[in-house]
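Shown next, in structure tokens, is the structure this report addresses.
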Amino acid sequence: MTVLAAGSPGMERTTQKFLDGLEAGGGKLLETLSLVEARAVLAGAQANVKLTLPRATVSQKIIEQDGQKVDLTIVRPDGAKGLTPVFVFVHGGGWILGDFPTHERHVRVNQIYAATRWVSMHGKEIKVDGSRLAVAGNSVGGDMAAAVSLMAKDKGGPKIKLQLLLWPVTDANFDNASYNQFAEGHFLTKPMMKWFWDAYTTNPDERRQIYASPLQATTAQLQGLPLALIQTAEFDVLRDEGEIYGRKLDAAGVDVTVTRYNGMIHDFGLLNVVSQTPATRSPLRQASTELKKHLQ
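Those letters in the sequence shown? Residues 0 to 295, per numbering that gives the first Met the number 0, in order.
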């Protein structure tokens, strides 16, 4: 086994500079911090790089569906007219980071499923066409987007046209080639992922449930799922489980495209510090093209 630290030969140069800065900073490991401290680190890292974003109208709406109360953040491009297609985006952060106030493990995916159902049935209330619906997510958000796709099949709806899984978690297994090769020094580490999973659940049976680990689903359970785009990063501990999930979807008859982005680390597509590199803009263009194509 070869363990590569502080980046690797072949890493995209801006990303390598980012990792060099992390190593030189000598800060505490994320998994050794309190939840409040860890959230502050993530928020601070993003805030240090200012971006000019496309103009959009952002609003909040509290909805109730299936006994769940969910606070939606609605992002609508400026100038959009009529009912637009819609995708429900689930952010990453190891189930515990970000600015959501509570993170009870079974509440999260049920809330996301409830929100997706609500959008499909009541989309006109927020000026979207709920029949042109996708789910998307990065990292553990990709895990939950995959879980919602499974739930929609199991529960008879809603109809999801595309699942967009960005460098997703798909399994609670820390012993594969990418986990071992990139265990340290590549932004997301094996100890960090163990910490995230422990915060989600330490119960092995709960970890094996398909709504937590979609990779544990059988071929029959995967059959009939929405078509999928899965993106992975070369220097990411999660690379192999994302790609293996894509192969399982294909074996189950699901149309799936799996694209590995060489030279990149976990969550590169949403890290402000590398957001303007060609290597990051390319996967975002691929994702937007697929959304436009399948939500027409």
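Ideal Cβ positions, reconstructed from N, Cα and C, are used throughout, including at glycine.
Beta-carbon proximity list for residue i, same chain, < 7 Å, skipping 5 on both sides
i: T218; result: A250 and A251
i: L221; result: K247, L248, A251 and V253
i: A145; result: Q162, L164, P167, T169 and P213
i: G223; result: K152
i: M192; result: F173 and V236
i: G148; result: Looking at the sequence provided, one finds Ser at residue 148 rather than Gly. Result list for S148: V134, I159, Q162, L224 and P225, in chain order.
i: N47; result: none
Residue from the options whose Cα sits closest to the Cα of residue i
i: G245; options: D235, T256 and V236; result: T256
i: T188; options: L237, Q67, M120 and A278; result: L237
i: K68; options: V272, E240, V57 and R116; result: R116
i: F86; options: T51, A23, G136 and D65; result: G136
i: K126; options: V57, E233 and E242; result: V57
i: Q295; options: V89, L18, L132 and N179; result: L132
i: G50; options: K123, L290 and V273; result: According to the sequence provided, residue 50 is Leu. The question's Gly does not apply to it. Out of K123, L290 and V273, V273 has the C-alpha closest to the C-alpha of L50.
i: E124; options: N109, Q59, V139 and F173; result: Q59
i: Q208; options: M143, V74 and D266; result: M143
i: T279; options: T288, I264 and K291; result: I264
i: E233; options: D204, Y210 and F186; result: F186
i: P84; options: Q64, P76 and D65; result: P76
i: A55; options: S177, Q64, V74 and T14; result: V74
i: D239; options: A171, T14, D128 and K292; result: A171
Neighbour-count burial assignment, residue i, 16 or more Cβ in a 10 Å radius
i: L214; result: buried
i: M150; result: buried
i: I111; result: buried
i: R12; result: exposed
i: T72; result: exposed
i: L270; result: buried
i: P225; result: buried
i: G9; result: exposed
i: L18; result: buried
i: A79; result: exposed
i: D266; result: buried
i: R107; result: buried
Spatial neighbours of residue i in its chain, beta-carbon cut-off 6 Å, leaving aside the 5 residues before and after
i: I61; result: D70
i: P282; result: Q230, Y260 and G268
i: K16; result: none
i: G141; result: L164, L165 and P167
i: E289; result: L228
i: G91; result: N137, S138, V139 and G140
Contact test: residue i Cβ vs the ligand MN heavy atom, cutoff 7 Å
i: M150; result: With respect to the ligand MN, the structure offers nothing, as it holds no ligand at all.
Spatial neighbours of residue i in its chain, beta-carbon cut-off 8 Å, leaving aside the 5 residues before and after
i: S287; result: none
i: G129; result: V85, V118, S119, M120, H121, G122, K123 and P157
Exercise for the section: Specify whether the region 149-162 and the region 194-203 touch according to this definition: at least 3 beta carbon pairs, one from each stretch, less than 8 Å apart. Expected result: no
Problem - Any alpha helix (DSSP H) of 4 or more consecutive residues that is wholly inside the region 116-182 - result: 139-153 and 176-180
Practice task
Report the residue ranges of all alpha helix (DSSP H) runs contained in full by the region 219-262; include only those spanning at least 4 residues, in chain order.
Solution key: 238-250
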